[in-house]
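See below for the structure under consideration.
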Amino acid sequence: MTDRSRIPPIAVLAGAALAALVVWGNVAPALRGPVVLAFLLVGPGMALVHPLRLRDRLAELCLAVALSIALDTLFASAFLYARGWSPDGILAALIAVAVLAAGSDLLAGASLRRRPEPT
Amino acid sequence: MASPAAARTAGGLSLEGRAGTAILVALATGATALWAVTLPAVDPARMTDLGLVSVMPARMLVALAVLTLSLGLTLTRRRVTPWLALLHIVLIVIVLYGLPALVEEVPRHRVAWRHAGIADYIARNGRVDGTIDAYFNWPGFFVLTAFLTETMGLRSALSFADWAPVFFNLLYLGPLLLIFGAVTRDRRVVWTAIAVFYLGNWIGQDYLSPQALTYFAFLVIVAVLLRWFPAVPDPEAPRRLRLNRLALPVRVRAWLGPPSTTSAVRPEGSSRQRVALVLIVVALFAATVPSHQLTPFMVIAGVGALVVARRCSTRSLPVVMGVLVSAWVAFMTVAYLSGHLETMLDEIGDVETAATENVSERLQGSAEHALVVRLRLLLTAALWSLAVLGALRLRRRGGHDSRFALLALAPFVMLAVQPYGGEMLLRVYLFVLPFVAFFLATLAVEGRPQSLGWRSTAALGAASLTLLAGFLIARYGNERSDVFTAAEVTAVERLYEIAPPGSTLVAGSRNLPWRAQDYERYEYELVSDLPSWENMPPTGPRMREVLSDLTEVMREAPGGRAYLITTQSQRAYVNLLGPAPRGSLDRLEQTVVASGAFTPVYSGGGARIWRLKRGSGKKR
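In the order they appear, the protein sequences are chains A and B.
Counting in our numbering, the first sequence runs from 2 upward without gaps.
Counting in our numbering, the second sequence runs from 48 upward without gaps.
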């Protein structure tokens, strides 16, 4: 994993932290809408799409946004039909998915870098 | 679009190189600035039945024309600069699709208000009730909207409804670039197709709605299949497909048949990537299924056409998609189907009803409205005809890739299946638009010489301005029936304060900003749905009969709690779209006042609210 390819998972982790801060920490209420929207539009999808290494930023971003919206819809619907409607719970679940996937992506990249070059 | 000749010199200045780039940036930003300063001069209250264009100042029209021509010049430079084309497209999306948000007082389009109300219901109750109406049987989009609204700390989805068209159209740009880029490396064709898409998307389905969001999923699914799962050469396919048995010309059979080894596109990506991409496509489709009734079927039609013609290597995908849709319809929409299945089955193959609802019934209303509808039909016919010419020209020039033709034809199957409340033709237009735009772009710029004569330059410039003019009238021609005022919203809010929950709320026509709150707590009725109004003679509704029906409906309301509301936008809606003659709703109001059976409880901003007096309208 190159330094540049570490940017998306790091951005996802930062976005997840910011979203958690503005929603549950009541930090910067004016920024709550834009921060939460940006994370939910890109974060969960990017965390899952970036490890595919598509080598095409536009395709990666499109798929990340589409998958994020799909996951947001599916998670929210699952909470609703399970009779457990809770926007906080849905957000927490999406943050968990994003953090796990982005964290694994970073760890996998780090282990690849540590692997000795074939001789 | 303008020509390379014009691109190279405009008034003696070269439009190539850095100087040309600077000139085009100045033209685009200057035109946008001029558009912005003319915004305060747009007064929607003075609008005629021709829509927003009737109140656009001349300077605004000049600004839009300059921006469009600047985009044309950008696309005809020797080498198309992507960021410059992107700048133009983003500005065009903002000025064309963001205009109502900047000149109108409150969010437009009654359905957007209703959608906000459904999201509000879900946020308040944490559940859906399929017996309320069809929306609750496909609630995915509303569940997402409720979740986003609450998590963003907003009071209502109406907070962002205004900007939905700009948001969705910018969202479409990415997958459109991928789709066009999957079949050509010619940047000029790609960006011209993008331009045609945005100048041709007058359908207006990009408001806060499930179809706007699921259309994005449709585009992404198509992009993935075109790029990562292209045709696989299969010499056995003609025999299996039995294409030879179909009465098709040899050339068409060859085009629709399996790809030869020379025309097949090499698939991209590793097997791991491709498995993951299939899973992503399935996830996108799975989120689409509970969100919208029509889009999943449009996706299946497109993917199915590609698979049947061996133009897509994920052959089991339509089956998986079919299972997902069937499961949802069978288990999750029982409440809706139990009351509508028979009607839906009757409508399959009823082309006459589809034609009547999709075309004939739309031609009623005011003379200006009929003109707008005719212009829409003309535009549609012109774009589709030119697209056919473009496809044939591409074929003659050696284009072997029939995938866009298949995707452009597939949605038409739905016309024979469902009239979709008279909207199927509009929806088909939207789903074929990307491919129509591509064929038009190839007709305009693909394989053209670098330097065109002045006649071709003038013709292409005129074509782009014609598209712009067509867009402004076709998209915003019905704006009088979509715009609301702050005073009307105040009247509706007052109605909810006055009427206790459980009351029946009656409006003259369906066009008012209601149902955005307390969705399930009221009964809603429309004068335009009353038998005496629906079965009116050609001269217009007989007001005594309408009054009789109206008082009966209101008298039968639980506890006699019923309220009638009339507003300016309801009158505009009836006057614009008919079928009642102009002024019918005003006559109804006069009849209501003269009857003495109603007590006025609110009046202001062109809106009035009445309550039925106790004992009034009783049958003797």
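All residues carry an ideal CB built from backbone N, CA and C; glycine is no exception.
Since we're looking at a predicted model, the values are computed, not measured.
What's the C-alpha gap between residue i and residue j?
| i | j | result |
| --- | --- | --- |
| B:Ser650 | B:Ser556 | 18 Å |
| A:Pro35 | A:Pro52 | 26 Å |
| B:Ala330 | B:Glu567 | 31 Å |
| B:His135 | B:Leu97 | 27 Å |
| B:Ala457 | B:Pro605 | 49 Å |
| B:Leu513 | B:Gly228 | Checking the sequence, you will find Thr at residue 513 of chain B rather than Leu. Roughly 26 Å between the two C-alpha positions. |
| B:Met48 | B:Thr121 | In this prediction, B:Met48 has a pLDDT of 47, which is less than 50 and means its spatial position is unreliable; what the coordinates show is noted afterwards. Using only the alpha carbons, I get a separation of about 9 Å. |
| B:Leu111 | B:Thr79 | 8 Å |
| B:Phe459 | B:Glu603 | 44 Å |
| B:Val190 | B:Ala463 | 31 Å |
| B:Asp596 | A:Ala83 | 44 Å |
| B:Thr85 | B:Leu623 | 27 Å |
| B:Met345 | B:Arg450 | 15 Å |
| B:Ala105 | B:Phe378 | 55 Å |
| B:Ser385 | B:Leu371 | 20 Å |
| B:Trp431 | B:Phe485 | 11 Å |
| B:Leu273 | B:Arg440 | 21 Å |
| B:Glu570 | B:Val325 | 45 Å |
| B:Glu599 | B:Glu572 | 12 Å |
| B:Leu488 | B:Ala428 | A small fix is needed here, since residue 488 of chain B is Ala in this sequence, not Leu. The straight-line gap from Cα to Cα measures roughly 16 Å. |
| B:Ala491 | A:Arg56 | 32 Å |
| B:Val140 | B:Arg234 | 20 Å |
| B:Gly494 | B:Leu515 | 24 Å |
| B:Glu636 | B:Pro588 | 13 Å |
| B:Ala132 | B:Glu63 | 14 Å |
| B:Leu418 | B:Gly524 | 9 Å |
| B:Glu592 | B:Arg171 | 40 Å |
| A:Ala93 | B:Ala204 | 21 Å |
| A:Pro9 | A:Ala39 | 13 Å |
| B:Met199 | A:Arg33 | 6 Å |
| B:Gln246 | A:Gly104 | A small correction: the amino acid at residue 246 of chain B is Leu; Gln does not occupy that position in the sequence shown. Their Cα atoms are separated by approximately 43 Å. |
| B:Ala159 | A:Thr74 | 19 Å |
| B:Met601 | B:Asp167 | 27 Å |
| A:Ala102 | B:Gly468 | 44 Å |
| B:Val269 | B:Ile226 | 7 Å |
| B:Gly446 | B:Gln340 | 35 Å |
How about residue i: is its C-beta nearer than 9 Å to some C-beta of chain C?
| i | result |
| --- | --- |
| B:Gly173 | Of the chains in the structure shown, none is chain C; the protein chains are A and B. |
To which residues of the same chain is residue i closer than 7 Å at the C-beta, ignoring the five residues directly before and after it?
| i | result |
| --- | --- |
| B:Arg174 | none |
| A:Phe80 | Trp86, Ser87, Gly90, Ile91 |
| A:Ala29 | Val23 |
| B:Ala333 | Leu371 |
Candidates the options: which alpha carbon is nearest residue i's?
| i | options | result |
| --- | --- | --- |
| B:Trp249 | B:Leu422, B:Tyr168, B:Pro548, B:Gly549 | B:Leu422 |
| B:Phe645 | B:Arg65, B:Gly662, B:Ser385 | B:Gly662 |
| A:Leu16 | A:Pro88, A:Ala31, A:Ile96, A:Arg56 | Note that residue 16 of chain A corresponds to Gly in the displayed sequence, not to Leu. If we check each option's Cα against that of A:Gly16, A:Ile96 comes out closest. |
| B:Leu480 | B:Ala609, B:Gly524, B:Phe244 | B:Phe244 |
| B:Leu594 | B:Thr551, B:Tyr569, B:Gly643 | B:Gly643 |
| A:Pro108 | A:Ala48, A:Gly44, A:Trp25, A:Leu41 | It should be pointed out that residue 108 of chain A corresponds to Leu in this sequence rather than to Pro. It is A:Ala48. |
| B:Gly177 | B:Leu515, B:Glu152, B:Tyr219, B:Trp375 | B:Trp375 |
| A:Val13 | A:Ala71, A:Leu75, A:Leu62 | A:Leu62 |
| B:Ala323 | A:Arg7, A:Gly46, A:Leu42 | A:Gly46 |
| B:Ser631 | B:Ala278, B:Ala75, B:Ser413 | B:Ser413 |
| B:Glu152 | B:Gly164, B:Ala193, B:Glu197, B:Ser206 | B:Ser206 |
| B:Phe265 | B:Arg655, B:Val336, B:Gln320, B:Pro466 | B:Val336 |
| B:Val539 | B:Thr551, B:Phe518, B:Ala521, B:Trp561 | B:Trp561 |
Excluding the 5 residues flanking residue i on each side, which residues of the same chain have their C-beta closer than 8 Å to its C-beta?
| i | result |
| --- | --- |
| B:Ala57 | Low local confidence applies: a pLDDT of 47 at B:Ala57 is under 50, so the model's placement there is unreliable, and no value is given. |
| B:Pro528 | Position check: residue 528 of chain B holds Ser in this sequence, whereas Pro was assumed. Cβ neighbours of B:Ser528 beyond the five flanking positions: Asn558, Ser616, Ala619, Tyr620, Leu623, Leu624. |
| B:Glu526 | Pro91, Met94, Gly98, Leu99, Pro147, Arg155 |
Apart from the five residues just before and just after residue i, which ones in its own chain have a Cβ nearer than 6 Å to its Cβ?
| i | result |
| --- | --- |
| B:Ala452 | Ala438 |
Could you list the residues in the region 55–76 of chain A with a C-beta less than 8 Å from some C-beta on chain B, going in chain order? Leu55, Leu59, Ala60, Leu62, Cys63, Leu64, Val66, Ala67, Leu68, Ile70, Ala71, Leu72, Asp73, Thr74, Leu75
Any chance the region 199–210 of chain B sits against the region 135–154 of chain B, with 3 or more Cβ pairs inside 8 Å? yes
Quick one: which residues of the region 87–114 of chain A get their C-beta closer than 9 Å to a C-beta of chain B? List them in chain order. Ser87, Pro88, Asp89, Ile91, Leu92
Under 8 Å: do the region 546–566 of chain B and the region 618–633 of chain B share three or more Cβ pairs, one atom per stretch? yes
Selection of the region 14–45 of chain A by Cβ proximity to chain B, strictly under 8 Å: Val24, Pro30, Arg33, Gly34, Val37, Leu38, Leu41
Quick check: the region 534–541 of chain B against the region 605–614 of chain B, are there 3 or more CB pairs under 8 Å? yes
If you measure beta-carbon to beta-carbon, which residues of the region 469–489 of chain B are closer than 8 Å to chain A? none
At a Cβ cut of 9 Å, what residues of the region 140–154 of chain B count as close to chain A, listed as they run along the chain? Residues of the region 140–154 of chain B with a C-beta atom less than 9 Å from some C-beta of chain A do not occur.
Please list the residues of the region 197–212 of chain B that have a C-beta atom closer than 7 Å to any C-beta atom in chain A, keeping them in chain order. Glu197, Thr198, Met199, Gly200, Leu201
Interfacial residues, the region 343–357 of chain B to chain A, with Cβ spacing under 9 Å: Within the region 343–357 of chain B, no residue qualifies.
Could you list the residues in the region 243–267 of chain B with a C-beta less than 9 Å from some C-beta on chain A, going in chain order? Listed by position, the residues of the region 243–267 of chain B near chain A (Cβ gap below 9 Å) are Leu260, Phe263, Ala264, Leu266, Val267.
Just by C-beta distance, which residues in the region 314–337 of chain B are closer than 7 Å to chain A? Gln320, Ala323, Ile327, Ala330, Leu331, Ala333, Ala334, Pro337
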